[in-house]
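The structure appears right after this line, and notes come after that.
Protein chains: 2
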Amino acid sequence: MDKIDIKGLARELNISASTVSRALRDSHEISQATIKRVKDLAEKLNYQPHPYASSLRQSKTKTIGIIVPEVANSLFANVFNGIESEAQNNNYHALIYLTHESYEKEASVLKHLQGGRVDGVIMSVAAETKDFKHIQNLIDADIQVVFFDRVCEEISASKVTINDFESGYKATEHLIKQGCKRIAHLTSSLHLSTTKKRKEGYIKACADYNLPVSDALVLECNEDDKTEQQLTALLTGKNKPDGLFAATEKLSLIPYAICPQLGIQIPRDLKFISFSNMQVAGLLTPSLTAIKQPAFELGKQTAKELFRQLEKKKKIIPVSNIVLPAELIIRDSTKK
Amino acid sequence: MDKIDIKGLARELNISASTVSRALRDSHEISQATIKRVKDLAEKLNYQPHPYASSLRQSKTKTIGIIVPEVANSLFANVFNGIESEAQNNNYHALIYLTHESYEKEASVLKHLQGGRVDGVIMSVAAETKDFKHIQNLIDADIQVVFFDRVCEEISASKVTINDFESGYKATEHLIKQGCKRIAHLTSSLHLSTTKKRKEGYIKACADYNLPVSDALVLECNEDDKTEQQLTALLTGKNKPDGLFAATEKLSLIPYAICPQLGIQIPRDLKFISFSNMQVAGLLTPSLTAIKQPAFELGKQTAKELFRQLEKKKKIIPVSNIVLPAELIIRDSTKK
DNA sequence: TTTTTTTACGGAAACGTTTTCGCCTTTCAC
DNA sequence: GTGAAAGGCGAAAACGTTTCCGTAAAAAAA
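So the protein sequences, as listed, match chains U and R.
For the first sequence, this note's numbering gives the first residue as 295, with consecutive numbering after it.
For the second sequence, this note's numbering gives the first residue as 295, with consecutive numbering after it.
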């Protein structure tokens with residue numbers, strides 16, 4: 295099966311390469327008869343255009359880059375589902391890069407993408423990232439960027455998030471309504487937009503209901519291997535909390551792992567709620583009360599927003615801020 | 295920030311474009327002094343080569359395609375992790391496509407990839423796929439293909455799998471040693487290489503230990519919304535099994551969902567083992583005895599094999615068959 | 001009829017690289 | 001001192017498209 299190209303088709307049909315090119319793209323400059331001849335032969339010879347030749351000429355790649363911290367995580371996995379689905383609908387291709395929360399990696403990937411490999415980028419920033427020059431550089435190189443979930447306030451670009459503040463508030467309020475008097479907050483990487491706002495929601499709810507708010511109750515766990523130890527200390531110290539709100543899925547399983555050993559029974563001794571998109575949340579013992587993010591929709595909306603930006607001819611692109619609501623799913627881990 | 299290209303660099307330095315190109319690639323034809331001048335300026339002006347121009351010229355894309363049924367699944371997610379990690383090491387880029395188990399989608403994606411967008415493809419076939427012409431076409435178009443997990447016997451290409459037969463045997467044998475006398479097998483899409491071999495292992499183990507083997511004990515569930523119903527029928531009918539072996543992660547949670555309602559207690563009434571890579575397996579009640587696949591390693595080895603093939607200059611490429619061992623992790627769901 | 005417009009197409013340039021030739025100096029062996 | 005080899009670089013072709021410009025014939029308008 296020798297590769298066939300546009301010139302090959304042209305030769306077979308005794309017409310010029312430009313005519314073939316136009317015919318394949320249904321140009322109105324070409325007669326219906328010729329269009330049919332060209333398409334029939336292309337079909338017959340299984341012609342596939344060379345994507346990079348065409349990208350080079352048009353300076354449009356029909357490709358987007360997706361940059362996420364990880365993928366073995368139900369939020370990101372489902373967001374990716376949403377993005378990919380929308381990409382297929384619009385005939386875009388998706389390059390994916392994992393940063394594993396590393397700033398170095400993120401910066402390195404973005405730098406490479408400045409070369410013109412993609413038309414746009416969808417990203418959720420790495421936990422390590424606190425400086426954003428690399429992102430601004432990408433935008434300055436005329437690559438569209440849309441953030442989702444972990445956004446970057448300092449940069450002017452479209453953002454798609456969930457209502458983190460309200461969700462943090464609602465989660466805390468739910469614990470309060472279930473009778474908790476002393477609520478701790480388990481979180482990590484507090485400089486991220488997501489965790490920061492969730493914490494603010496938590497603080498506000500505690501304040502509104504006259505519950506104690508103190509640094510002692512906020513546990514920021516940034517080293518995976520020390521998390522269990524830190525939480526154990528909190529749960530067994532004096533002034534133990536009777537409610538616990540975990541801000542990320544990664545943290546949601548820790549209490550299940552350590553509480554049995556500590557003789558703490560959920561929900562009797564400690565009511566627990568967490569952000570989580572895990573399908574198994576309902577099958578844990580006790581089943582986990584969770585804030586569930588609309589992950590697929592998050593991905594879909596993010597992709598849609600990026601494609602909107604890319605189709606725009608104008609240079610003046612209105613930046614938008616899309617906020618989707620998360621859902622409180624009440625199960626047994628917060629039962630009275 | 296205006297885009298700078300090779301000609302721009304050449305102009306600035308008063309040398310030719312070809313010299314710049316060679317200098318950037320450390321050609322021995324260029325003096326060290328010139329190389330340094332070029333690289334310094336490139337660095338200063340933040341020059342990034344246009345990847346598609348270079349791909350076009352070299353007919354090498356430094357890009358691979360990854361085609362998987364889904365990603366919100368701990369096996370595929372971790373395999374992807376392994377692939378991506380290896381890709382970054384080798385400076386390859388990864389395009390990812392989800393088939394959602396659809397043959398149509400798989401065929402459509404492969405057809406597009408014939409155009410030369412990628413140098414090679416890593417894939418795990420969709421559940422719907424029973425015909426393989428589209429894959430052979432891709433190979434005939436000179437795109438390297440390496441399969442993992444769900445491979446395609448009919449096609450001559452490298453394959454990276456786990457020891458499905460032995461794992462199926464070991465899982466069944468474990469149930470037998472825990473005292474099961476009548477073991478059922480919960481599976482799906484039995485035409486796939488993976489499920490087929492796991493079932494063969496199950497059958498062999500039953501036969502070796504003189505346990506009954508019958509079609510009534512093998513439950514192939516291909517419609518998600520009917521699975522619970524089918525399994526309920528099996529578990530409540532006459533001649534109920536006292537052991538259950540589920541062949542895929544997707545099926546591993548069903549018993550946890552329905553057994554409580556049926557008054558069946560795991561492991562007392564029914565011992566249960568499943569293929570699963572879920573991190574939460576140990577936190578379920580009872581904790582789940584599982585066959586755990588070396589997912590990350592699977593991805594890594596697959597990518598390595600593909601890159602080996604791609605670096606080969608020779609046309610005669612020895613196809614290899616790499617088999618990694620899965621691990622039996624004994625927990626409470628098969629306790630005596 | 002003549003002039004203008006439209007239709008349908010061909011030739012060649014262009015996108016940003018890499019690579020093939022070829023050329024001029026310098027170095028080295030004899 | 002001569003010839004060969006090596007070092008260092010430039011001009012131009014090439015990769016496979018798309019697009020700009022041009023033009024001949026047919027159709028429409030005058």
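Beta carbons are placed, not taken as given, at the ideal position from N, Cα and C, and that holds for glycine.
As the structure is a prediction and not an experimental result, all values here were calculated from the model.
ask   = Who are the neighbours of G409(U) on chain R, taking C-beta pairs under 8 Å?
value = Mapped onto the first sequence, residue 409(U) falls at position 115. The contacting residues are Q342, P343, H344, P345.
inquiry  = Give the list of continuous beta strand (DSSP E) stretches no shorter than 3 residues that lie fully inside the segment 546-580 of chain R.
reply    = 565-569
ask   = What are the boundary residues of the alpha helix (DSSP H) that includes E605(U)?
value = Locating residue 605(U) in the first sequence gives position 311, where the first residue counts as 1. Segment 589-605, the alpha helix (DSSP H) holding E605(U).
query = Between E460(U) and K565(U), what straight-line distance do the alpha-carbon atoms span, to the nearest angstrom?
reply = Walking along the first sequence from the start, residue 460(U) turns up at place 166. Walking along the first sequence from the start, residue 565(U) turns up at place 271. Going from the Cα of E460(U) to the Cα of K565(U) covers about 20 Å.
request  = Please confirm whether G359(U) and V412(U) have their CB atoms less than 9 Å apart.
outcome  = By one-based count along the first sequence, residue 359(U) stands at place 65. By one-based count along the first sequence, residue 412(U) stands at place 118. Contact flag set, yes.
query = How would you label D502(U), buried or exposed, when you count the other beta carbons within 10 angstroms and need 16 or more for buried?
reply = Taking the first residue of the first sequence as position 1, residue 502(U) is located at position 208. D502(U) is exposed by the Cβ-count criterion.
ask   = What are the boundary residues of the alpha helix (DSSP H) that Q523(R) is part of?
value = For this step, residue 523(R) is matched to residue 229 along the second sequence. Unbroken alpha helix (DSSP H) run through Q523(R): 518-530.
inquiry  = With the cut-off set at 9 Å, would you say T466(R) and F539(R) are in Cβ contact?
reply    = As a first step, residue 466(R) is located in the second sequence; it is residue number 172 there, counting from the start. As a first step, residue 539(R) is located in the second sequence; it is residue number 245 there, counting from the start. Yes, Cβ-Cβ distance for T466(R) and F539(R) is below 9 Å.
request  = Quick one: give me the first and last residue of the alpha helix (DSSP H) that A435(R) is part of.
outcome  = The residue labelled residue 435(R) in the question sits at position 141 within the second sequence. A435(R) -> no alpha helix (DSSP H), and no H or E assigned at all.
message = Using DSSP's beta-bridge definition, name the partner residues of I477(U).
response = Position 183 of the first sequence, counted from the first residue, corresponds to residue 477(U). DSSP lists G537(U) as partners of I477(U).
Spatial distance of D518(R) from S581(U) (CA atoms) = Reading the second sequence from its first residue, position 224 is the one you call residue 518(R). Reading the first sequence from its first residue, position 287 is the one you call residue 581(U). Looking at the two C-alpha atoms, the distance is approximately 22 Å.
message = Under DSSP, the beta strand (DSSP E) around N615(R) begins and ends at which residues?
response = Working through the second sequence from its first residue, we reach residue 615(R) at position 321. Per DSSP, N615(R) belongs to the beta strand (DSSP E) from 615-618.
Cα-Cα separation, S368(R) to Q573(R) = On the second sequence, residue 368(R) is found 74 positions in, with the first residue counted as 1. On the second sequence, residue 573(R) is found 279 positions in, with the first residue counted as 1. Those two C-alpha atoms are separated by around 8 Å.
ask   = Does the Cβ of T357(R) have 16 or more other Cβ atoms within 10 Å, making it buried, or fewer, making it exposed?
value = Against the second sequence, residue 357(R) aligns to sequence position 63. Looking at its Cβ environment, which holds 16 or more other Cβ atoms inside 10 Å, T357(R) is buried.
inquiry  = Is there a Cβ of chain R sitting closer than 9 Å to that of N457(U), yes or no?
reply    = Within the first sequence, residue 457(U) is the residue found at index 163, counting from 1. It does not; no Cβ of chain R falls within 9 Å.
query = Q603(R): which of V439(R), I616(R), P535(R), V362(R) sits nearest, CA to CA?
reply = Working through the second sequence from its first residue, we reach residue 603(R) at position 309. Comparing Cα positions, the closest option is V439(R).
request  = Give, in chain order, every residue of the segment 371-386 of chain R whose Cβ lies closer than 7 Å to some Cβ of chain U.
outcome  = A371, N372, F374, N375, E378
task = Please confirm whether Q472(U) and K630(U) have their CB atoms less than 9 Å apart.
result = In the first sequence, the residue the question calls residue 472(U) occupies position 178. In the first sequence, the residue the question calls residue 630(U) occupies position 336. Cβ atoms of Q472(U) and K630(U): closer than 9 Å.
request  = To the nearest angstrom, report how far apart P619(R) and T583(R) are at their CA atoms.
outcome  = Position 325 of the second sequence holds residue 619(R). Position 289 of the second sequence holds residue 583(R). Each residue's alpha carbon lies about 17 Å from the other.
key: Whole beta strand (DSSP E) elements within the segment 387-469 of chain U, 3-residue minimum   = 387-392, 414-417, 438-442, 452-456
request  = Please list the segments of the alpha helix (DSSP H) lying wholly inside the segment 333-362 of chain R, counting only runs of 4 or more residues, in order along the chain.
outcome  = 345-352
query = Is it right to say D434(U) is buried, meaning 16 or more other beta carbons lie within 10 angstroms of its own, or is it exposed?
reply = In the first sequence, the residue the question calls residue 434(U) occupies position 140. Per the 10 Å Cβ criterion, exposed.
task = Identify, in the order they occur along the chain, each residue of the same chain with its Cβ nearer than 6 Å to the Cβ of V362(U), setting aside the five sequence neighbours on each side.
result = Reading the first sequence from its first residue, position 68 is the one you call residue 362(U). F370, S418.
request  = Name, please, each residue of chain R whose Cβ falls closer than 9 Å to the Cβ of L389(U).
outcome  = For this step, residue 389(U) is matched to residue 95 along the first sequence. Neighbours of L389(U) on chain R, chain order: T357, H387, A388, L389, I390.
request  = May I ask you to list the residues that DSSP assigns as paired with K586(R)?
outcome  = The sequence position of residue 586(R) within the second sequence is 292, counting from 1. DSSP output for K586(R) lists E621(R) as bridge partner(s).
ask   = Using a Cβ cut-off of 7 Å, which residues of the segment 538-564 of chain U contact any Cβ in chain R, in chain order?
value = L547, Y550, A551
ask   = On the three-state DSSP scale, how would you describe E514(U)?
value = Your numbering for residue 514(U) matches position 220 in the first sequence. In the structure shown, E514(U) sits in a strand (DSSP, three-state: E or B).
request  = Say whether chain U places a C-beta atom closer than 9 Å to the C-beta of V365(R).
outcome  = As a working note, residue 365(R) is residue 71 in the second sequence. Cβ-Cβ to chain U under 9 Å: yes for V365(R).
ask   = Does any C-beta atom of chain U lie closer than 9 Å to the C-beta of D509(R)?
value = Position 215 of the second sequence holds residue 509(R). So no, D509(R) is outside the interface.
message = Taking 9 Å as the threshold (C-beta atoms), are T521(R) and I548(R) in contact?
response = Here residue 548(R) is taken as the residue at index 254 of the second sequence, counted from 1. Here residue 521(R) is taken as the residue at index 227 of the second sequence, counted from 1. Yes. Within cutoff.
ask   = Are the segment 425-434 of chain R and the segment 397-416 of chain R in contact at 8 Å, needing three or more beta carbon pairs?
value = yes
inquiry  = Is A435(U) close to chain R? Criterion is C-beta to C-beta, closer than 9 Å.
reply    = The residue labelled residue 435(U) in the question sits at position 141 within the first sequence. Answer yes: the Cβ-Cβ gap between A435(U) and chain R drops below 9 Å somewhere.
ask   = Counting along the chain, where does the alpha helix (DSSP H) carrying D299(R) start and finish?
value = To locate residue 299(R), count along the second sequence from 1; it is residue 5. Taken as a continuous stretch (DSSP letters only), D299(R) belongs to no alpha helix (DSSP H), as it is neither H nor E.
inquiry  = Which of the three DSSP states is assigned to Y503(U) in this structure?
reply    = For the purposes of this step, residue 503(U) is taken as residue 209 along the first sequence, with counting starting at 1. Correct three-state label for Y503(U): coil.
task = Give the residues of chain U in contact with T579(R), contact being defined as C-beta atoms less than 7 Å apart.
result = Translated into positions along the second sequence, residue 579(R) becomes position 285. Here the neighbours are T579.
ask   = Taking a cut of 7 Å between CB atoms, which residues from the segment 574-600 of chain R lie near chain U?
value = V574, L577, L578, T579
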